[in-house]
Structure formats: C-alpha cells, structure tokens
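Heads up, the thing below is written out as structure tokens.
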Amino acid sequence: MEPSEIELTVNGQLRRLRLDPRTSLLDALREHLDLTGTKKGCNQGACGACTILLNGKRIVSCLTLAVMHDGAEVTTIEGLMKGGELHPLQAAFIEHEGFQCGYCTPGQIMSGVGCIAEGHAHSAEEIRFWMSGNICRCGAYQGIVAAITDAAGRSAQ
Amino acid sequence: MISFSLEKVNTEREAIRAAAMGGRFIAGGTTLIDLMREEVERPERLIDINALPMGGIRVDGADLVIGALARMAEVAAHPDTMHLQPLIAESLIEGASPQLRNMASIGGNLLQRVRCPYFRMLDAACNKRDPGSGCAAIEGVNGGHAILGTSDQCVATHPSDLAVALVALSATMRVRGPQGERSFPVEELYRLPGNTPHLEHTLLPEELIVEVRVPGGSYARRARYLKVRDRSSYEYALVSTAAALDIDGGVICQARIACGGVGTRPWRMRACEAALIRKAPDRQNFEAAAQLALEGTHALSGNRYKVELLPRTIVRALQMAGEIA
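Quick mapping for you: the protein sequence lines, in order, are chains A and B.
Here the first sequence is numbered in this note's numbering, starting from 77 and rising by one per residue.
Here the second sequence is numbered in this note's numbering, starting from 9 and rising by one per residue.
Shown next, in the form of structure tokens:
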C-alpha cells in the first residue's frame, strides 16, 4: 500500500512523517520519531501504557492510526518538562514513589495530567475511578493516587 | 494486520458512495483497529468519516440529539446530557476507560463487536467470525455470556452500556444511505443471533448513522444505570440495568427498564415495566416485577449466577432511581 504523508506537532515541534497506513500512532512515535518514552504494553487498549495527549486529550495511542491525525498536536512524556524543570506531576511521582519498575509510569503520568485537567482529581476515590484505564502490575497504586492528589492540589492553588 | 487503503471523506455523499464500493467506515477506531490487528476484521478499504459534520449535541424541543461522531466523553460531560438525560451520561461514564471515551464515537459504540473471547481467537470455532464453524462458548468458558436471546449458534452478549440506556429510553436513530434517510428505534438496530450470528445489525453496508435522538420523558430525571462487574471500573457488565421511573402521588406512573450483560442484544424488560404501573415504589413491588425478567432465560454451564443476579440488579437499580428526589 502507498505510504501516506502527514504532519504532526509533537511536543511543540513540527514533524513530517511518511507512513504505511497500518502504523499506529504509538509506533509512529516510538519507531519513526524515536520517542520511546511512550510504552507499548498490551497493544490492545487495555493497559494505558501508551497514553499520550492528542489535541490536549488523553488517548491510548495504540488504538489509532497515525495517518488519521494529520495536523494534530501530540504531547508525550518527553514533552512535559519545561525549562529544565520536571512537570509538577513528574516531580510528585518521584516524591510519592508512584512506581516500582517504571514501565507503566509514562502512561500513568500522561493520564494523570489528563485526569487533573478534566477536573477529575478531587478525591482519592475519584482519582481511582478516572485512572482506571492505566494498569500497574507492580501495584504502585497508593503512590500514584498520592502523587496525583498532591499535583492536583498544587495546580488548584 | 492486512494491508488496506484509507481515504478521508468530507461529505456524507462521498462516504456513502465509498461504502457502496466495499469500504468500511472508521471513526474512533477503538474496536476496529484492535480487531484488525488480530485479523478478526480484514477490511481492505477504510473510509475515515471524522471530517463529516455529524458531531455535537443539541436540544430539539424535549429531545436530546447526539451526533454519531460525538465522542463518549464529550457526550457524558455535556451540560444538556447531564440535565436532560442523566441516564445517558451515567451509562457512558460506566463504560470503557477515560482514554477510550475520548476516542470512541457514539455511532461506533453502538456498532462495537462482541467481547466473547472465542470471537477474537482465530483458532476457535465461532459462527459470528466464521459462519458454520460452530460455537466454542456453548461448551466452553461462558461465565460472561448471555441468558436471553441466545441460539445454538451464538451466546455472546452485546457489550455496549450506552445501548442499554438508549433502549430503555426508547431512543431512535437516523441513518442515511443511497436511498435517502430513515429513522427507527435503537432497539431495532440489533438482530438476534438465530441461525445468522454473523449478521449483528439491521443497517445496510453503505448506511451511515447520522444521529441518535433521545426523547424527553417524565421519567428522564429519575433514572439510574447500575453496572455489576468483577471490578468497580473499566470492566464489562456481568449484569447491568438502566431504570427510569415517573412517580406521582406515591405511585409509579411510568417505568423504563433495560438490561445489559444478559442478552445477545440490549434487553428491554417490558413485562417488568408493566407490572410496576400504579404500584408504590417499594422493595416488594420491585422484587415482584423483577422476577418477570427471567421469562425465557436459558443459562449455560458458567453463567447460572446471572439468573439470580439479574432480578437483584433490577431491584437495586429501581431503588436507586426511586431515591432520586
């Protein structure tokens, strides 16, 4: 099949890509743009490891075709740091030990950024419900909920 | 995933024409891409319909009108949905995950394929995937399968929560095809498996879902969606119930009940509804009505628990709806 050409703004930078239509947005980021922070877990939309922000909204990048997003804006874990400073939620994950092996962490953080922006981080119970699309096999959920609670509190101030 | 072509269309006419030539519509893609990767779905031509002007939510008189391309999250969070049809918002939020709800369209939600594990396993018998090959679920692992509307060829449940709420509320849908438009109840979108489980819905291949219309009703504000499942979020229903009640002067004037997780399609419980009319909204009446849901049920080796769970879920959902002031 003919490759398609698309443009994506990834972490603020305009990137041009020539892709087989079968390429998922996840594979476009990892294999074509070398942005390997976004992880491939289940590759079927169940684990949340590949969560990114697409036009400001959290999605699972494994279940969408890159060529369907010509002109879109993508934010990955690599794009959260600003001016050499960690994003407040990245810092909170370190402070509260929101991970063990770290494989789910980029997806957890991107999903957490979305969760806070949507206004779904007012209580631990609400965070657990609205973070249910991200699975952590190590079971670091206590730390993850604490980190999001902390970062949500700071962003509200 | 097999190779395919992808074309973007800008008008409904182009979309319908491309579908008439064998193309498959894609919107959010959350079901289709997953199944294409497994090669359960093997379309050679995809039609990206996301640029069509079929998104958004509007109010038309007492009706809530939802565009087929509106995303689940957007519909659930919309003030008109929450105000006019809180049952729709609740059923949406109880389905999928936040990420998937940002992606999945309303039309795609209604047309999502079943979650029977054998449907996804290319080496297992499945009449839905491969007509005539048999049904591995009937003698297999079938704890999640249906007890209503099954046949000896297929016992898979319909997975959509939204569809259950829409069927309870007598919603209709407008579709457009080469011959023009038609509207019909969402309930009539779904076929029973019978001898043709590979035919799941009543749309023609080139017909496009344009919008879903939810009529207003005196019961719309006193409505709840209860989803019983193995974990409390991001899981398919074992049994779910959408229940809506109009209560006046201490008696039920109207009742709307539909259930998910139990039927091969979203299952409206009309006998239960009728039994509640002019009755007090109390536990005893709810229990008597809920027993009527068991008419015609047929349990498999692994899902007998649903025969007990179904009326209990209906009773609890009715109580939750009745508690709304």
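From the three backbone atoms N, C-alpha and C, an ideal C-beta is built for every residue, glycine too.
Note that the structure is predicted; figures quoted are calculated from it, not measured.
Contact set between residue 214 of chain A and chain B, taken where Cβ atoms lie within less than 7 Å: Per Cβ cutoff of 7 Å: no residues; residue 214 of chain A is ~18 Å from chain B at best.
Which listed residue (B:150, B:328, B:249) has its alpha carbon closest to that of residue 336 of chain B: The displayed coordinates of chain B run from 9 to 333. Any statement about residue 336 of chain B would go beyond what the structure contains.
Start-end ranges of the beta strand (DSSP E) lying completely within the stretch 10–57 of chain B, minimum 3 residues: 13–16, 32–34, 53–56
Proximal chain B residues relative to residue 143 of chain A, where beta-carbon distance stays under 7 Å: 14
Whether residue 277 of chain B touches residue 265 of chain B by CB criterion (8 Å): yes
Buried versus exposed, by CB contacts within 10 Å (16 or more), residue 160 of chain B: exposed
Residues near residue 269 of chain B in its chain [Cβ-Cβ closer than 6 Å; skip 5 each side]: 165, 245, 246, 247, 248
Three or more C-beta pairs below 8 Å linking the stretch 141–151 of chain B and the stretch 185–199 of chain B: no
Beta-bridge pairing of residue 115 of chain A - partner residues as DSSP gives them: Bridge partners of residue 115 of chain A: none, in fact.
Paired residues, beta bridge with residue 233 of chain B - DSSP: B:250
Host alpha helix (DSSP H) of residue 169 of chain A (start-end): 164–171
Contact check, residue 155 of chain B vs residue 314 of chain B, beta carbons under 8 Å: Yes, the Cβ-Cβ distance between residue 155 of chain B and residue 314 of chain B is below 8 Å.
Per-residue burial, residue 218 of chain A [other beta carbons within 10 Å of its own, 16 or more giving buried]: Its Cβ having fewer than 16 others within 10 Å, residue 218 of chain A is exposed.
Beta-bridge pairing of residue 126 of chain B - partner residues as DSSP gives them: Answer is none; residue 126 of chain B lacks a bridge partner.
DSSP state of residue 192 of chain B mapped onto helix, strand, coil: strand
Proximal residues, the stretch 11–43 of chain B versus chain A, C-beta separation under 7 Å: 11, 12, 13, 14, 37, 38, 41, 42
Within-8 Å CB hit, residue 153 of chain A to chain B: no
Every unbroken beta strand (DSSP E) inside the stretch 60–124 of chain B [3 residues or more]: Taken in chain order, the complete beta strand (DSSP E) segments of 3 or more residues contained in the stretch 60–124 of chain B are 65–68, 71–75.
Spatial distance of residue 333 of chain B from residue 208 of chain B (CA atoms): Residue 208 of chain B has its alpha-carbon roughly 39 Å from the corresponding atom of residue 333 of chain B.
Terminal residues of the alpha helix (DSSP H) in which residue 241 of chain B lies: Taken as a continuous stretch (DSSP letters only), residue 241 of chain B belongs to no alpha helix (DSSP H), as it is neither H nor E.
Residues of its chain near residue 220 of chain A, where Cβ-Cβ distance is below 6 Å and the 5 sequence neighbours each way are ignored: 174, 184
Below-8 Å beta-carbon distance, residue 289 of chain B vs any chain A residue: For residue 289 of chain B, the answer is no, since every Cβ of chain A falls outside 8 Å of its Cβ.
Proximal chain A residues relative to residue 126 of chain B, where beta-carbon distance stays under 7 Å: Within chain A, no residue comes near residue 126 of chain B; the closest Cβ sits about 16 Å away, beyond 7 Å.
The stretch 25–45 of chain B / the stretch 110–128 of chain B touching (three or more Cβ pairs under 8 Å): yes
Same chain, Cβ closer than 6 Å to residue 92 of chain B, five either side skipped, listed in chain order: 72
Alpha carbon of residue 305 of chain B to alpha carbon of residue 271 of chain B, nearest angstrom: Between the alpha carbons of residue 305 of chain B and residue 271 of chain B lies a distance of about 9 Å.
Strand pairing of residue 256 of chain B, partner residues [DSSP]: B:259
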